[in-house]
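Below you'll find the structure, written out as structure tokens, and then a few comments.
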Amino acid sequence: MDWSKWIRQAHRWLSIIFTATVVANFVTMAFGQPPAWVVYSPLPPLFLMLFSGLYMFVLPYVAKGRSAQRANG
Numbered sequence: 004m005d006w007s008k009w010i011r012q013a014h015r016w017l018s019i020i021f022t023a024t025v026v027a028n029f030v031t032m033a034f035g036q037p038p039a040w041v042v043y044s045p046l047p048p049l050f051l052m053l054f055s056g057l058y059m060f061v062l063p064y065v066a067k068g069r070s071a072q073r074a075n076g
């Protein structure tokens with residue numbers, strides 16, 4: 004599997020983990036003040052998704068620039 008597919012798959016799994024931690028956060032808030040580790044648990048997957056999402060956002064522009072560069076010689 005190449006890097007692009009691996010990063011895309013990791014981004015999908017991170018989004019599932021992020022969603023689960025947000026749901027867990029709301030569930031624990033229903034029972035009172037949650038501990039700090041529950042409140043901040045969505046942040047690590049969110050930051051990882053930021054980097055993988057930026058990579059996937061930039062990827063088409065880099066590919067377009069490479070193909071234009073090849074066409075020009």
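In this note's numbering, the protein residues as written are 4 to 76.
Just so you know, even glycine gets a beta-carbon here, dropped at the ideal spot from N, CA and C.
Just so we're clear, the structure is a prediction, and the values are computed from it rather than from any experiment.
Cβ-Cβ separation between P48 and T24: approximately 7 Å, consistent with a contact (criterion under 8 Å).
Looking at the backbone, the Cα of Y58 and that of R11 are separated by about 9 Å. For the options L17, W40 and P45, the alpha carbon positioned closest to that of M52 is the one of L17. Across the set A74, P45 and S7, the C-alpha of P45 shows the shortest separation from the C-alpha of N28.
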